[in-house]
Structures are given as C-alpha cells and as structure tokens.
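Chemist:
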Amino acid sequence: MYGFQEITADQLKDLSDQGGDFILVDVRSPAEVARGIIQGAQHIPLHILPMSLQQLDKSKTVVFYCLSGGRSAQAAAFAAAQGFDQVLNLRGGISAWANRGLPIGQLPGQ
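In UniProt numbering, the protein residues as written are 1 to 110.
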C-alpha cells in the first residue's frame, strides 16, 4: 500500500457534485495545463510539489491528477509519506476525465 487510494473520474464527479470538501491538485507541466484543467483544481507542477506541499490543508482530502495517473500517483505517495491522511489519485488522470465527457476548463487568466 502506498498510503493513498485511487478514485475514478465518475467518483470524482460525484464527490464534486455532492459538495465534497476536498482539494484538487493538477501536477502536470504548465504547457499541459494550458490545454485545459479540471475546474476548481490548483496547479502545482510535480517538480515543485516538495516545496509547495505545506500550502495544502492536511485536514482535507487531497486529490491529485495528471495526464494519465502516473505522476499524480507519485505526488499522492509523496503527500501520504509527508503525513497527509486522506490522499486520492485520479485513476487515468485528466484523460479518463475527458473520456467520460466531463468538463475541462482553463486556469484563470489563460
């Protein structure tokens, strides 16, 4: 066990629709994020996550995602190792989200 669980795109959509109290973090590169982001996500590229993790609230569930789920699994494992108790990885990443026909937005200012 890596200290985190996986969530499907449909489960994440349901959690969001139900007003779940969670933090959504996109760990992709700025160039990838410029092509679209899941609405409500914060962008923290994987390479700066170790320096930025303290800005996330440990008392909330944190959901990480990337393009296909690999980098976000690394981020989730890292967060769990740093004492985050409620960590989820979006299985299949934003690709799975888009393949379900779920909405992709833009970061503010883009």
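Even glycine gets a Cβ: it sits at the ideal position worked out from N, Cα and C. Nothing here was measured: the structure is a model prediction, and the numbers come from that model.
Enumerate in chain order the residues of its own chain whose CB-to-CB distance from aspartate 57 is below 8 angstroms, with the five nearest sequence positions on each side excluded.
Modeler: Closer than 8 angstroms at the Cβ level, and outside the excluded window around aspartate 57, lie Ile23.
Chemist: Does the count of Cβ pairs from the region 19-33 and the region 60-75 closer than 8 angstroms reach three?
Modeler: Segments in contact, yes.
Chemist: Give every residue of the same chain whose Cβ lies closer than 6 angstroms to the Cβ of alanine 96, excluding the five residues on either side of it in the sequence, and list them in chain order.
Modeler: Result list for alanine 96: Ala9, in chain order.
Chemist: Taking DSSP's pairing of strands, which residues face leucine 24 in a bridge?
Modeler: In the DSSP output, where bridge partners are listed per residue, leucine 24 has Val63.
Chemist: Whole-angstrom Cβ separation of leucine 90 and leucine 15, contact assumed at under 8 angstroms?
Modeler: With 8 angstroms as the limit, leucine 90 and leucine 15 do not qualify as a contact, their Cβ atoms being about 11 angstroms apart.
Chemist: Is glutamine 106 helix, strand or coil by DSSP?
Modeler: Coil at glutamine 106, not helix or strand.
Chemist: In whole angstroms, give me the CA-to-CA distance for asparagine 99 and proline 50.
Modeler: Spanning the two alpha carbons is a distance of roughly 30 angstroms.
Chemist: Leaving out the 5 sequence neighbours to the left and right, which residues in its chain are closer than 7 angstroms to valine 33 when beta-carbon positions are compared?
Modeler: Here the set comprises Asp26, His43 and Leu107.
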